[in-house]
Structures are given as C-alpha cells and as structure tokens.
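Chains as they are written, first to last, in the numbering used here: chain A, 37 to 652; chain B, 37 to 652; chain C, 37 to 652. The beta-carbon is built from N, C-alpha and C at its ideal position, and this holds for glycine as well. Fair warning: this is a prediction, and the values are worked out from it, not measured in the lab.
#1: Rounded to whole angstroms, what is the Cα-Cα separation between residue 357 of chain C and residue 542 of chain B?
#2: With a cut-off of 8 angstroms, do at least 3 Cβ pairs link the region 176 to 194 of chain B to the region 213 to 226 of chain B?
#3: Name, please, each residue of chain A whose Cβ falls closer than 8 angstroms to the Cβ of residue 433 of chain B.
#4: Which runs of the beta strand (DSSP E), 3 residues or longer, sit entirely within the region 258 to 308 of chain C?
#5: For the region 78 to 98 of chain A against the region 418 to 428 of chain A, are there 3 or more C-beta pairs whose distance is under 8 angstroms?
#6: Check whether the Cβ atoms of residue 503 of chain A and residue 593 of chain A lie closer than 8 angstroms to each other.
#7: Quick one: grab the DSSP three-state call for residue 471 of chain A.
#8: Report all residues from its chain with a CB closer than 7 angstroms to the CB of residue 95 of chain A; omit the five preceding and five following residues, and keep chain order.
#9: Assuming residue 129 of chain C contacts residue 135 of chain C under a Cβ cut-off of 8 angstroms, what Cβ separation, rounded to an integer in Å, is found between them?
#10: Mind checking if residue 422 of chain B is an interface residue toward chain C, Cβ cutoff 8 angstroms exclusive?
#11: Is there at least one Cβ from chain C nearer than 8 angstroms to residue 114 of chain A's Cβ?
#12: By the three-class DSSP mapping on this structure, what secondary structure does residue 541 of chain B have?
#13: Just tell me which of C:78, C:526 and C:640 has its CA closest to the CA of residue 26 of chain B.
#14: Of all Cβ atoms in chain B, is any one closer than 8 angstroms to the Cβ of residue 346 of chain A?
#15: Can you give me the C-alpha to C-alpha distance between residue 638 of chain A and residue 316 of chain A, rounded to a whole angstrom?
#16: Just checking: is the beta-carbon of residue 249 of chain A within a distance shorter than 8 angstroms of some beta-carbon in chain B?
#17: Of all the residues that make up the region 361 to 387 of chain B, which are near chain A by a beta-carbon distance shorter than 8 angstroms?
#18: Exposed or buried, what is residue 438 of chain A when buried is set at 16 or more other beta-carbons lying within 10 Å of its beta-carbon?
#19: Pair every Cβ in the region 625 to 636 of chain B with every Cβ in the region 576 to 594 of chain B, then say whether three or more of these pairs are closer than 8 angstroms.
#20: Between residue 529 of chain C and residue 484 of chain C, which are expected to be in contact by the criterion C-beta below 8 angstroms, what is the C-beta distance as a whole number of angstroms?
#21: What residues from chain B crowd round residue 239 of chain A, counting only those whose CB sits closer than 8 angstroms?
#22: For residue 194 of chain C, does the three-state DSSP call read helix, strand or coil?
#23: Check the DSSP bridge columns for residue 44 of chain B and list the partner residues they point to.
#24: Measure the alpha-carbon distance for residue 246 of chain A versus residue 402 of chain B and round it to whole angstroms.
#25: Is the Cβ of residue 236 of chain A closer than 8 angstroms to any Cβ of chain C?
#26: DSSP on residue 93 of chain B, reduced to helix/strand/coil?
#27: Would you mind giving the Cβ-Cβ distance between residue 39 of chain B and residue 408 of chain B, rounded to the nearest angstrom? I have them listed as a contact below 8 angstroms.
#28: For the candidate residues C:254, C:68, C:551 and C:605, whose alpha-carbon lies nearest to that of residue 430 of chain C?
#29: I'd like the ranges of any alpha helix (DSSP H) spanning at least 4 consecutive residues and lying wholly in the region 426 to 477 of chain C.
#30: Residue 352 of chain A to residue 647 of chain A, Cα distance in whole Å?
#31: Tell me whether residue 605 of chain A is buried or exposed, calling it buried when 16 or more other Cβ atoms sit within 10 Å of its Cβ.
#32: To which residues does DSSP link residue 503 of chain C through a beta bridge?
#33: Since residue 114 of chain C is in the alpha helix (DSSP H), which residue starts that stretch and which ends it?
#34: Taking contact to mean 3 or more Cβ pairs, one atom from each stretch, closer than 8 angstroms, check whether the region 339 to 351 of chain C and the region 524 to 539 of chain B are in contact.
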C-alpha cells in the first residue's frame, strides 16, 4: 500500500474555476491523494435520472495531470430532497415511531428496498463513470455508517426484515422461544409475524430479542454496504473501503471490515481529550485486519458539532498525524481542505481559511506529511493483546447490572491505558484471531466468549488477565450455567455471586490499597491462589487470584491496580511521560503535550519538543 | 390467618421434572406457601382458546401432597403477543399519544373493554380450574398495578370512560364548569364530549381536571380489579389479594384494599437504602385494613432493574424478614425461588442459584422463617398516628407551589422518622378511621382534609401536630376560603400568606435553631401561643404555634425540629441506635446495620448482632 | 401619555355583583386603569356565534362612572374547547409532529387560516362592542405571543406558508439554493414544495434554513397581530399594544413594536433574582420605540408557574414599581387584582386575597402608585448604548460554536451590568437607530451587523467596544468573507482563527488578571495597539486591542474586565451599592435590597430604606 497524504475535498462547494488553483496549493502541501464525492448526490443528480458529472470529470482530469490520486466516495449517506419527498417510506423511524425528517443526513433506513434500489442506481452511476479511471485509487462506500446514532431503525421495513433474519437463524419459532426464554413474562410467540423490533416499552425488553436486534441492525448495515460494493466492483478493480468512527460500537466493525479491502477511519477527538483513547482507536482499526489502515478524515482543529467546539493549537495536528502513522496508518487525509462558509459545518476548521488562504494548520499538515512520506509503513510488533468481540458491547447495552458502567471506557480503555502507560504495544484480538504470539492477553469483562476462543485460551501460554463478568453470558444473552464459563479450570475460580457496587470498593494487592469498581463478585476458589482481598465489609472475599499464568480480578480494576499487577508478573515500566510504539529494531517516542518534555527511556533522557516525536 | 413462608415460584420456567426436587428443597427450607401463575398467560393459553393447564395441575398436586399451600396469581399483567397483535387497541397510550408496545409488561389499558373481556376470560379459566382446590390458599389478581408508571393512560377508551365518570359525578356540565373554574383561561365546556384526558400541553392543565383524572385513573384500576375478582369469587371462596408496591401513590390503596380480603405487598428496597422507609411502607400496608398483611415478594439481594443493582449481604435478608414480621406481617414470600438465566430479570437474585443449588440467601431465609414460625401474629399497639389521604398525593402532583417538595418523602416520611427515632409505633390513619385511641396525631401537609375527618379532629383529645399547607384545598383542588380550613379554631391560627422558599429558612424553637423547608407561611395568630419564630429576614413571623394540645408549624419541618418538639410535649427518647416496635407487654428490637451494636434501651444496654433482633 | 396605575382584572371570575365593591376598593388604592377581557372568549361566546357581553357592559359602565380607564384585551390566546374540537387543525405541532392539545393556552398555530378567521371574528366582536366607548383607553391584542415556547410551530399550515414566504424572499429556487449553500450535504431543492420546516432530524439542519424559519415564525406572529389590530382599528381609534415578555427573543420585538402604538410588557422576575436583569428588560422595552412604556403586568409576589414559587416581601412590590417608573414606564398594572382560588394559576399572588380582603401588597402598590402619580414621565438621558438585533439571537441559537454560551445572558447582560454598576444609563439601539449622541456604544457579539449600521459606525465619534464573533456572519447565517466584516478598519484587527474554550482563559489588562470566556479568537493586528494579552498557553495572542476610540476584545469578557476597561477609557464609578438612573438635571437612586443601605454617591453618603428610592 502506498502512503497517502491529502485532504477531503469538495469541488462542488466552490466556483468551478477554483480547481486548478487548489491543485496547485495541494501540491505545495505535499498531497498525493484526496477524497471527493461522498455528499454530492443532489449535485450530480439534481433531478431524478438527470446526471451531470462534468465538474467531477474536470476535477479528476486535473488531479490526474498533477499526480494526485482520488478516493471516490459514493453519496448514499445523503438522499436528496426529491427522493425523500417522493418516497418518504425510506426514512428511518425511531423507537417511539417518529419518522426522521429530511434536513441533515443519514436519514435513510438500511432495510428500505426502495432506498436500496435508488442507492444502487446512484452508486452504479459513479462506478460506471469513474470505474476505469487510473486517477481513482480507491472507493469509499457511503459515509460513516451509524453516525448520529443512526444504526438502529424501528420501521416496518425493519420489522419485516428482522422476522426473515430470525427465521433464517432459528428456523422454527419454538427454537426461538426456547433460546430467548419467552416463557418469561408471557412472551411466547406462535408466529414470526408477532415479533417486532424492540420499540418503546415501559419496562425492559427481552434481552435476547434486544441482542438479536442489534446483530440484525449491524448485519443490515453490512448488507447495505455489500450491495453497494457489488455495484462498484462491477466497474472497478480498485480497493473499496468505508470510513469507520471513533468509539462506535453499534456495527460489528470486525465483520464489516471483511467486506473492506482496507480499513479507514475518521479520527475525531472527543471533547475530553485523551491521547490514549485516540491511540486505542488507531490500534483497534489496525487490528481489524491486522494491516495498515488509512485515516480517511483527520480533525485539523476546531469541529462544529460538539458541545464546545474547542480551539486547538495548529501544532497538535502534526502530532495527530504522527500518532496515526506510528500506530500503523498508511496515510492521513485532513477533513477538510478548506473551511466552508455555509451549511451545517461552517464552524469546522480546515487547512485553508474561508477565503482560500493557508492557515497554520496547512503548514503543520505539510510538515507532518513530509516527515512520514519516506518512512516505511510498519506495523507495531506483537506484544500484548486485548480481546474484543463487538457483540459484548451489545450485551453491555441490552442487559445492565450497573448502569454506571461502560464496557468500552471503564474496562477496555482502562486495560489499554495500563499497558500503554508501561510502554507496551497493544493489539486487539477477535474470536477468530491467532493469539499464540502474545506475551499477555487481557480479557476485560467479555460477557460472552465464543467456544472457538475458549479453545484457544486452553492452549495459550502467555500471561492472562481476566476481569469480572467475563464468560457470564451465552450467545443468546442468557446467563451461563457456570461462571466464568469454560475458564474455571484455567483460572481456578468459580463466580458464585455478584452484584453492582455504587461506590468503589477497597481491595489490597501487594500490600497496597486499590479500588475495584462497578461490580463485586463472590468467588469460590477452586485451585487458584488468592493474591488480593477486598477490604471491609467484604474482607472475606478474594479480589484477585492467580493460577499459574492466569489472573482473575473479581471486579472492574482501576488503572493503577493493573499497572501494579503487570509489574508484579514480569512487565516493566519502559517509559515515562510520553507515548511509545515499538517496532522491530526501533521505537517511536511521541510527546502529546503542548510543552517540551524530558522523557525517561531506559537509562536515557530524551528531550521532545511540544507535540513532537523521535524515531529511535 | 396462618403464618405463610415461602417464595414466588415459576414452574413453567424449568423442566417439568424439576418440580418434585424443588418441593423437596422447599420443605427443607421451611416453606409452607408459594405463589405461582401470575405471568403464565402465554404458557397456559399459547393460542387463543387453546388451554393447557397440565403442568400447573401437576405442580399443585405435588404441593398438595407436601403440605405447601399455593397462592394463585392470575396472569393479566402480561397479555400475550397473539392478543396484542390481533387487538392493538388494548395498548396504553401516553400523554403525547404514543401507544406502548408489546415486549415488557403492563402494556394494557384498564379501560379497554376489549381487554377486559379477554382478561375476564383467562381469569375465569384459572378460577374454574383451581377454584375448588384445597391447595389454593389465596388468589392474587394481576400483578403490581401501576408498576413502571402504568396507572395513567390517555387513550380514547380512557377519554370516553372519563366523560362517563364525570357525568356520573357532576350530572350536568354547568356543575363541572363551576367546580373546575373553567372560566379561567376560556376553558368552559358546553358538552361532555369536549373533555379530554390531560394530554400534553405547553402550560399547566386545569388542576381540577388533573385531580379528577387521577381519581378516575385510580378508580379505573380498582374497577378492573373488581371485575377480575368477581370472576374468581364465582368459583372460589379463598381470600383474594393484590400485591401493592413500595412508595406507590397513583392508586388509592385505601380504596383498593376494600376490595382485598387481605393486603399484600412487594418489599423492594430503593437504591438509597433507609430502613425507616421500608418500615413506613410496612406500617402503611398494615394500616390499610388495620390487620396483618403479607409480604408477597421480598427482595432477597440484588435486583435487576435499578440503576445500580447492588450486591447485598445474604444476612440482610434475615433482617428484612424480621422487620416485616415485627411491623405486622403474617408471612413473607421471597421473590424469587430460583435465579432465572434468561429473560428481562436474569440478573435478579433468588434463594437458589441459576444451577439450582442453594445460595447463602436460602439459608438466611430458612433461619428467618424458622425464627417467626412459632411466634404469634401480633400487630403493634396504637401509640401515634399519621394522617394520609391518597388524594393529597395527587393534589401534590397536579398543582405545585414548590417543585422541589415531595409530600411523601419530605413531609410524611420526615414525620414518621421523627416518631420512630424516638421509639414510638406509628399507624397511618385515613379519613374514615377512628383516631380516638392515639396519644398523638400528625397531619403532615394534608392539602385536602375531608369534612368527616375535620369533625373527628374537633373531638380529638391527643396531641396534634399540623404542618404547612394542611387544609388549604377543597375536593376540587381549589384553594379553601380560609386556611387551614376547619382548623382555625383548634389551632388558633389563620394562614394569611404563603410562598415557596428556595433555601431552608432558620427558625428558633426552645432556644435552638432549626430549619423550615420548601414553604413559608405567614400566620395571623388568633388565640394560639407562638412557641417558635422564624429568623432573618422573617423574624416577625411565627413559625411554630401552640394552642392547648394543638401545634401548628408554618413550614415543612426537618426531622430534628420534630424530635425537639415531641420531646417538649411529653414524648421521650426510648431507644438509641436500633429499631423498636412495641406490642402489648413486649417489644422487638432490631439492628438494621451490618455491624454489631450496643443499644441503649431505658437503663439497659443490649447487644445486637449484625442484622439481628431480640424480642424483649 | 397619561400615567396609568391599576391591575389586571377578571370580572368573569367572580359573582357579577362584586363589581361595584371592587371598583370602590380600586379607587381607594389609587387605580386609574385596569386591563380586562383577554382570556374571556368562552365566557362571551360560550357557543359558536352566541355572544353575551352583558357582564362586560356592566363592568365598563361602572368603571366609566368611577373614572377608571379600561385596557381591553382581545381573547385570542385561548381558543375555546368548542373551536378546538370542531377544528383540531388549528393546533400547533411540535418538531416531532405532535399536535398540542387543548387544556392550557397558546395552543393555536399563527398560520392556520381557519384560526385566523375565527380570531378575526371574535376580535371584531370585541371591537364593535367597545370601539366607541370613552372608557376604553387602549387595546391589547391577544396575550404574550410566544409564551411557553409557542412561537415556533412545524405543522403543514406553516410549511405551506413558509414556502410562500421563501418564494417572496428569494423569487427563484436557485437563488435560495445559493444563499443557503444547499450543495452541502446534498440538500439542493428543485422545487419550493420540497422545503419543510426544520423538523426533528438526527444531525444539524442547514443554519440558513433554520434562521429563515425563525424569521418566518417571528413574521407569522407579527402578521397575526397585524390582522387582529386591523380589525380593532376599524372600530376604534384608541392605541393598540401587546404585552411583551422578559428575556423573550423568538419574536423580533423591534419589528413587532412598529405595529404597536405603545410598548407594554409583563415584568415577571426569574427565579434567580437580579435587579439588573429586570432593569435591562425595562431599558430594552423603552428602547424599542425610544418612548415611555407600560408595565402591563407587574408580578406582585409569588407566582405559580416556577420551579419554586418564592415568597416575596410585599415591600419589594413597591421597589419594582419604582424601578419601572425610573426606567421610563408611564404606568404599572399589577397582575392580578385578586387571588383566584381555582384554575391553573391559583397559587399566583395578587393585591387582594382569595377572600377579597386587602393584602399588604395592596398597600405597597397603593404607596408605589401614589409616589409616582404626580411625577413627570421622563425618559433617562442618552449616555451609553448597547447594540441589539433580534436576528442575532436566532443566529446564536441555530449555529453554535460553544453551546455553553448564551448571547443574552453571557454577553449582552454582562455588558449592561458593567455599565450600570458604574452608574451609566443604557439604551439599546437597533440597526435603524441613530447612535450619534452616545458617548459609548457597546457591540456585544453581534454575529450579523447590517450594512446600514456598519455605515453609521464608520462616522461614530464615541467610544466603541466590540466583543468576539461580532460581524462574523452574513444575513444568511453564513460566515463573512473576513471578520469582523466591515469593521477591520475601525478596529484595526482581523480575526484569523477562533474556537470555543471549555474553561475561562486568563488574560492581562492594565497589569491585572481577568477572564475571557466561551470563545477565543486569534487576531491579526492591522493597526491597532494591543492593550491586553492572553496568558498561557496563548500568551502570543492579543486579547484586547485599541485603535483610537475603538476597542476589540477577542473573547467574551467577564463583568470586572469591562469595568476595568471602562474606567481606563474615561468612565468613572459614580455610585456604590444602589441603582441609579440619570435624568436631565436629576437622578433617581434605588435600593433593591431588603436592608437599609448607605450609598456612596460622589462625595455624599445617602441612606436608603429597604426597597426604597430617592429622587435627587
């Protein structure tokens, strides 16, 4: 894969004659790629069946002449007004039965057959037109599936499709009734037609239904994607991708990424900035296919859609580019090339100012691109891994022991940060992945662990850390016959009781006090050693146990507890005050802070400029 | 009434062959009763008109052989999918016009005639089948009316029924217009058909309409209950009950309990645990009929439906059983017998584990049952009383002087706690009740006091404490012509002005500073003595007055103020650090805390183990 | 304009025979005016087409005999039940498509032609009946447009009307597409019929559409008003007004007040009482026409519709009357004359008690009226001015850089308070107003500054203070080509970047530290002098600049910063601890506090009683 640097570009937003000037500027900034096209439906098809691709033709020709590749985005995220007005049945419906309205984006239902027909048609038009162009280097299908909480729709199209999906899965209604336990609360179904999406009720839905609905909804998005990609592939042999999102868990990205020729994602920075959270998302994106990935949209500074759209120092953009490259990106496109004075995102920052002049962010990007253009694309060496299965996010959401707890930010992110703070690379591994090469595997509260993965664990030789609730649920979102199912022998413990905890609970490990949070489990020790105990009023209960390489924590650990634990089982603190990524024979050190830092690295002291990095 | 101990049991959730094993376990745990059947509609009538009672037949026969009585629950809280699909008009509708959906429970409208027909039919089937069985010891109609805020429905069935209800009450529209004051804001009705439920509006509804709608809604639930009970009574002579709920105020439980042969309720523990709150609910349940009551569902540990589903020490269950017996229960059924690995309540704890093994909670329950099985059922002696009228909760909700104020938790509970902290028994008295035997009667902010009760007050000889807003409203939710209406002579004061207060207001009583909260009244002293004054900036205003035995507080007092007041009018502090209930010739002391306690009781010191009790 | 003192009176709420008694009382209180009639539709037209004005006839005759003038309110804010039932299409619809229901008030849609017909009809009936009466001194059309967030409706009537409004504005759809930038997110319209109100979507609407919809909604209210006023003018030559509201920004009051013969408003006191906020609203109301205004409804004490309906000292009413007169009112009517024991406002205080007796507020009002009855009506002299354009409130709401920021309370009110705390009069000036006489003009974050006003600024000779975001937007809610557009030369700076800030940012002015809030701008200095800098981490950025008389602040200043700045450019601290209003040759000092105060005024010390005032 070639390095790609550039930006997201919207020639339809400007005077047609601007294109030559823009390409000239792009070249001075070191661009070799742009993405275009993904919101241009009403522009290229202003009336049903009337197409005008002339501007894009000119744009592509100009890029072609200047050696800049084009990632072409298909425009199905924004069905135009004429389509919505003539076919309002394509609109999403929320759980209270409200139809979404035209006026922003992502207003369509993945399961509308009418919409799929129109979407295939416009996708085909794009593909026919540019499928053979050498300038096109890749395709992006649609844009940010699931953005603005748009994955789940509850309309009648979805109801119909859901019934079919269930029929394909369970074959007969009795099997479904049994799997879901519908005898509880008198919910037995006689007929598939009686089953609806989990629309608004006053008390909890059946969690098996809810989990299947999330599976179905994820599958619906993926099926939509597959159909569109099929159209493109008829006309083009270029790789196809879709831009994934930070912290999104409604679509099974692992499953979706099987449909993608490479993974790309949009690196936006949540309001409460944490560079480890961005790092985690990079590592997750790399891990989806265990390959380099593309940052399709890189936030350059202020955005427009947050509660507070923070000012960012332009230098920080350079750091963000470097961080993504260090975590395994093969390129970075800045969203967007130029600030747009109109429309819903007019407060969004860009490389160029509203007036077309360069901003300091353009200079920062240029320098960032230049620094990595000649570096080899490498992916970090395998050191430690964290287990992820997207279905566990759905279980976390559909049946709640403690509503204050979030699987992603309270369990997975905490495990990630402990490992990264010590200086270890982290991969995310999925049920199908090989885990044999890792020296440590972390299983953070994985409610449901698939049989195939349990099998792998039984022969895993590295260190293993498992936290509360792991393997407590089966594939139907039901409680396992014993907990942690399939892991009792490896871990040497059995969970005999559990409950939420309002306040963090003190526990003792290595003579130091730490906090267990959100959940408390009562363990029966089979043949593990207790290495940490809870304190008052639960001083009789083991908190941390060890059996050989396998450690179990009967709560949700805080980061400091995990670091202590890691240090006590043979890991070391490699770094202080910076981010480090380790490659074969080299490491990259990055300073995520706006001030100069002195970094302790082994016995050395290394100085890093604000937002800067060093390849060792 | 016989003592009843046992659990709520769902044979339909398990393999049919499990029943014999379960009954064996139940006997070892000391059960003599179970409740079954209340969510089994789709199980016994899987298709319309097709009934299969064979499992319940077997279950009842097995209980019969083993001397365990059965409370049979009718299943109308959960109309099955086939019924909802064929008759969606039975679904509730919220104030914005959204129909509830199938998928949880309590989705039906009390006023749907279609639903009533189906509900009577399934109720009759249950009654026909088991009406003559000696094993059946009682009936529970439906389950937890009003749970999940399901009392109020705003559908067209309700609109139609409400108009009839109004016609029966007011006879002619002019009487209604006058009673409601519809001339305000141009709301005069010409015709009953113009009146709708208080559906969503942008500003306040007419409070008279709102109050009548709450009366109507409560009546609708009670009428539904009465119809179902009628069906049962045709076939069975066993007592009929319904399981009431902690802190529920939408249905007039006093009125409903007239339809019940005995009161039962479900003792669930709000997140912010307060043993006095549970005690208050027990006392309220006992007071409804002034008879022993049954705890139909006793939370054993963790539940599944709270924000945080807390872990609870198994020993605490023993305390909860003891507390209920001490407050006048004649039995306690644990909800539920065995943890269910599927369905919406799969995180709910139980006596048996998911795998059918005993949990420590089973042992705790067994010990709790055993301790009380041979004790006589007694109800606490009459000492003090608090006045309650459910309609005042509705007035509190439909016209708000201070939205931070809750009649139940800020006024009634505070009065209760002050009395209980000193060690006095508390009964709740209703307008129809006799009050002559009490040495103290507390009237906490009773907006509307009925004439019949005003009459009783005029001859009451005990101490009387009355707090702000009492007797300020008439039966139409309108302001009385003078306040406190009908009590000026008894109390010797007149309220001439009032208002909310954002911050608590200092006042002085017996040389000590206390807080008045939420409301401040300006009193005109008729012939009372001022015994407490507000401080700056209202130092001219009396805060607490006394005329003979009658005390008035021109605000909402904090607990410490009430204790001071009680001590100064002849009450004493009987106990320190434990709960006490007083019976003829004996008392029960209970330790609600997880640690051992030394209790001061008179001149004695008594040691109580954690969560334990002593009968003196 | 004659001084008007009195109250809002509802004869239809009481026994008809009460009127003579009431008028007698009113005379003793010093009334010379009342407002009646504005919620009496169902009273005067109990059935469609059946009118009964007999009570009002008697009332007006009685007032006439007693020399009390009547402001007649037309009753269109409360369409009666019979009208709503027969024409439900007149009801408002919210952005989710819910129809409002009958039962409170303001439930009608301004754009319902059906409603307009009925509304004209009842308005004409009022006008016909009383148009020639000498007792009528003025008309109030409808009541509190926009109250309870009722300005914006999203129904199909509105959609239809909005399309017409757009057609009138843009003439052809291409002009609209261009102005709104609909090419963004594929929102180009082919046809006017494709455009809908900004109903509920999952992401942001086009801000140009949103702004036009707010303009349209404001225009709809004004058009409704104009139609009703037309009816009245056919029969009456008396002045016409409407009662405006505190802090309301959804209707362009400047535009509306052109339709009014005099401005009146309802002085209600937000929960978190701030006398400057009330003062600001008075000054704004006076500034709308630059004429004395009427307080049509003066809160006398407790209201009924707040979270906490606070008790208020009766003396405070006297202060409120005095404050309004000092700010330029020509009268004050208390809402309401007598407390009403029924209906949605039964907790609202009044001059008379529920039983018809005088409250202390009646005495306070009487004294307040008396004090000002013989004073000349004066308006404060022109000293300083703050620029307001209602459209900027709409821009502030439809495109948000920092959602924590409120243009009204964080920018305009802060500027007002700084000026008032120093003791300067403040006028509000609108784009069309003359500004030449002011010694200082403040432009607080005026996103959009109209060309006509930019022109005035270029010749303005006073001091000028401009804060962040000013002149950053054009009339379509789009970003200006340069910022602050049209003011670079005057201010000597250019804004080259900007962003929200989560936390207040330190900055240094005159050697003292202050806070900039919400927004941070990066300035390019053209030819201004930097007089204040931001501190770490933005110490390179100018915070406050000065070019001659023109000062720019690149953030949202706190009040203390502004006071420091004002003092350093020639303003002085005239007063300490009281409110002051300056007139030609005299000043009024007011003590807004409940305690006696010693006021420093120049070299004098002046004592002011609680809630009292002094004319110097």
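This is what the structure gives:
#1: Residue 357 of chain C and residue 542 of chain B: Cα-Cα distance of roughly 30 angstroms.
#2: No, the region 176 to 194 of chain B does not touch the region 213 to 226 of chain B.
#3: Neighbours of residue 433 of chain B on chain A: none; closest Cβ ~18 angstroms, over 8 angstroms.
#4: Complete beta strand (DSSP E) runs here, min 3: 279 to 281 and 300 to 303.
#5: The region 78 to 98 of chain A vs the region 418 to 428 of chain A: no contact.
#6: The answer is yes: Cβ separation under 8 angstroms.
#7: DSSP places residue 471 of chain A outside both helix and strand once states are collapsed to three, so it counts as coil.
#8: Within the same chain, residue 95 of chain A has close Cβ partners 47, 55 and 72.
#9: Right, the Cβ-Cβ distance comes to about 5 angstroms (below 8 angstroms), so this counts as a contact.
#10: At a cut-off of 8 angstroms between C-beta atoms, residue 422 of chain B does not count as an interface residue with respect to chain C.
#11: Yes, its Cβ sits closer than 8 angstroms to a Cβ of chain C.
#12: In this structure, residue 541 of chain B counts as strand in the three-state DSSP scheme.
#13: Residue 26 of chain B lies beyond the range of chain B shown here (37 to 652); nothing can be said about it.
#14: No, its Cβ sits nowhere closer than 8 angstroms to a Cβ of chain B.
#15: Distance between the alpha carbons of residue 638 of chain A and residue 316 of chain A is about 24 angstroms.
#16: Answer no: the Cβ-Cβ gap between residue 249 of chain A and chain B never drops below 8 angstroms.
#17: Cβ contacts with chain A come from 375, 376, 377, 378, 379, 380, 381, 382, 383 and 385.
#18: Per the 10 Å Cβ criterion, buried.
#19: The answer is no - the region 576 to 594 of chain B does not touch the region 625 to 636 of chain B, with fewer than three Cβ pairs under 8 angstroms.
#20: Their Cβ separation, rounded to whole angstroms, is 19 angstroms, which puts residue 529 of chain C and residue 484 of chain C out of contact at 8 angstroms.
#21: Under the 8 angstroms cutoff, chain B gives 140, 141, 142, 183, 184, 341 and 380.
#22: The DSSP-derived three-state label of residue 194 of chain C is helix.
#23: Looking at the DSSP assignment, residue 44 of chain B forms a beta bridge with B:71.
#24: Rounded to whole angstroms, residue 246 of chain A to residue 402 of chain B spans 37 angstroms at the Cα level.
#25: At a cut-off of 8 angstroms between beta carbons, residue 236 of chain A makes no contact with chain C.
#26: In this structure, residue 93 of chain B counts as helix in the three-state DSSP scheme.
#27: With a Cβ gap of about 7 angstroms, residue 39 of chain B and residue 408 of chain B count as contacting.
#28: Per the Cα distances, C:254.
#29: The region 426 to 477 of chain C is shown to contain whole alpha helix (DSSP H) runs of 4 or more residues at 426 to 434 and 449 to 458, in chain order.
#30: Between the alpha carbons of residue 352 of chain A and residue 647 of chain A lies a gap of roughly 6 angstroms.
#31: The Cβ neighbour count for residue 605 of chain A, taken over all protein chains shown within 10 Å, is under 16; the residue is labelled exposed.
#32: Answer by DSSP bridge pairing, in chain order: C:589.
#33: Here residue 114 of chain C belongs to no alpha helix (DSSP H), and DSSP marks it neither H nor E.
#34: Segments in contact, yes.
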